[in-house]
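Participant: Heads up: the sequence shown begins at 450 in the numbering used here, then just goes up one per residue.
Beta carbons are placed, not taken as given, at the ideal position from N, Cα and C, and that holds for glycine.
Can you keep this structure in mind? I'll have questions shortly.
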Amino acid sequence: MGPTQRYLVDRLWPEPSVDLEIDEAMAGFTLPPPPPDRPLVGINMVTTVDGRAQLKGTAEGLGSRADRRLMRLYRAAYDAVGSGAGTLRAVGFWPGLPDDLAAMRTERGLAAQPTSVVIGGRSPLPPDVKWTGDGARILIVGAGNPQAPLPDVELLVAPTPEPDPRWILERLAERGIGSLLLEGGPTTNAAFLAVHAIDELYWSIGPKLVGTDALPMIAPVPGGSPFAEHPREGRLLSALRHGDELYLRYRFTDYGR
């Protein structure tokens, strides 16, 4: 089955145009080749206008149905879709694609569903965790984590209590994964930023203000950010609007320019 509802967007940049179906506006969406030494990493986040990525502790309620369709269109381009264990515990993880996007992937010679990856640390996931999907599943935990095996899930144990993103990307590359889309949370995003491993950023801005101390899309890097004095410079690739929402795409690499 394809999408059951039409979502119209205005393309603000590049080549401005109005009243495009969101699938049409995204028809030319492609990823650059991965870096020479690791898989490509993108992050997809929704925030309020004042930059908060959480409402009552989760991202639920920050984006619209159109934003959820856009999220699935991003997923369709990636080999794997990832989430931190904290996000999984809070709201569950359903990284699957609808039939129309699964068919599009198979036409391109890809698996119908992206591999789903959950990144944990020291604490095990409960056996009743809400993690579903028809694709392969990989759970990554830290050394000493007493994680029990989960059905149909490959368990990878890192050599450190908190898995290093570089180690994670090496293990994914060994499994033929050339691109990873992270969908939260802010702490996981911060870990990948700290090791220079964010290449693309997809930012949905919902028309909301909360004025709370909720986390932003990237949490403060423990021990200090390597970009505190010299921020990473991004390049705006596209800007779409649906109603009062904005959808921005940035690239933070030079090799794929």
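Can you tell which of V659, I492, R455 and L546 has the C-alpha that lies nearest to the C-alpha of G634?
Facilitator: The residue with the shortest Cα to Cα distance from G634 is I492.
Participant: Would DSSP call E470 helix, strand or coil?
Facilitator: E470 sits in a strand when the DSSP states are folded into three classes.
Participant: Which class does F641 belong to by DSSP, given the choice of helix, strand or coil?
Facilitator: Under the three-state reduction of DSSP output, F641 falls in the helix class.
Participant: Going by beta carbon distance, what residues of the same chain come within less than 6 Å of T536, once the five residues before and after it are set aside?
Facilitator: G633 and G634
Participant: With a CB to CB cut of under 6 Å and the five nearest residues on each side skipped, what residues in its chain are close to A439?
Facilitator: Since the first residue of the chain shown is 450 and the last is 706, residue 439 is not available in this structure.
Participant: Please name the residue, chosen from P575, G545 and I647, that lies closest to F676 on a Cα-to-Cα basis.
Facilitator: I647
Participant: I need the straight-line Cα distance from A592 to I471, nearest angstrom please.
Facilitator: 43 Å
Participant: Is the beta carbon of V567 within less than 7 Å of some heavy atom of the ligand ATP?
Facilitator: Only the bare structure without any ligand can be found here, which leaves the ligand ATP out of the picture.
Participant: Less than 8 Å between the beta carbons of R685 and Y699, yes or no?
Facilitator: A small fix is needed here, since residue 685 is Leu in this sequence, not Arg. Contact flag set, yes.
Participant: For R514, which of helix, strand or coil comes out of DSSP?
Facilitator: helix
Participant: Go through its chain and collect everything with a Cβ distance to D459's Cβ below 6 Å, but skip five positions before and after it.
Facilitator: Within the same chain, Cβ atoms closer than 6 Å to the Cβ of D459 are found at V467 and R690, the five residues on either side in sequence being excluded.
Participant: Provide the residue(s) that pair with A688 in DSSP beta bridges, ordered along the chain.
Facilitator: W462 and L697
Participant: Between I587 and the rest of its own chain, which residues show a CB-CB distance below 6 Å, the 5 nearest in sequence each way excluded?
Facilitator: V566 and E603
Participant: Please confirm whether I667 and A622 have their CB atoms less than 8 Å apart.
Facilitator: no
Participant: Taking buried to mean at least 16 other C-beta atoms within 10 Å of its own C-beta, is L630 buried or exposed?
Facilitator: That one is buried.
Participant: Can you tell me where the beta strand (DSSP E) holding W652 begins and where it ends?
Facilitator: E649 to I654
Participant: I'd like the ranges of any beta strand (DSSP E) spanning at least 3 consecutive residues and lying wholly in the stretch 558-619.
Facilitator: 564-568, 586-590 and 603-606
Participant: Sorted by chain position, which residues of the same chain lie with C-beta nearer than 8 Å to A502's C-beta, five sequence neighbours on each side aside?
Facilitator: M494, V495, T496, A508, L511, G633, G634, P635, A663, L664, P665 and M666
Participant: Just reading off the alpha helix (DSSP H) that G634 is part of, what are its end residues?
Facilitator: No alpha helix (DSSP H) contains G634, which DSSP labels as neither H nor E.
Participant: Judging by CA-CA distance, which residue of R524, K505 and F542 is the nearest neighbour of L559?
Facilitator: R524
Participant: Quick check: the Cα distance between P487 and T702, rounded to an integer number of angstroms?
Facilitator: Going by the sequence as given, residue 487 is Arg instead of Pro. Cα to Cα, R487 sits roughly 13 Å from T702.
Participant: For D693 and P669, what's the separation of their Cα atoms in angstroms?
Facilitator: Going from the Cα of D693 to the Cα of P669 covers about 28 Å.
Participant: Counting C-beta neighbours from all protein chains within 10 Å, is the total for G672 16 or more, i.e. buried, or is it exposed?
Facilitator: exposed
Participant: State the DSSP-derived secondary structure class of G533, mapped to helix, strand or coil.
Facilitator: Three-state result, G533: strand.
Participant: Whole angstroms is fine: what's the gap from G625's alpha carbon to D583's?
Facilitator: 18 Å
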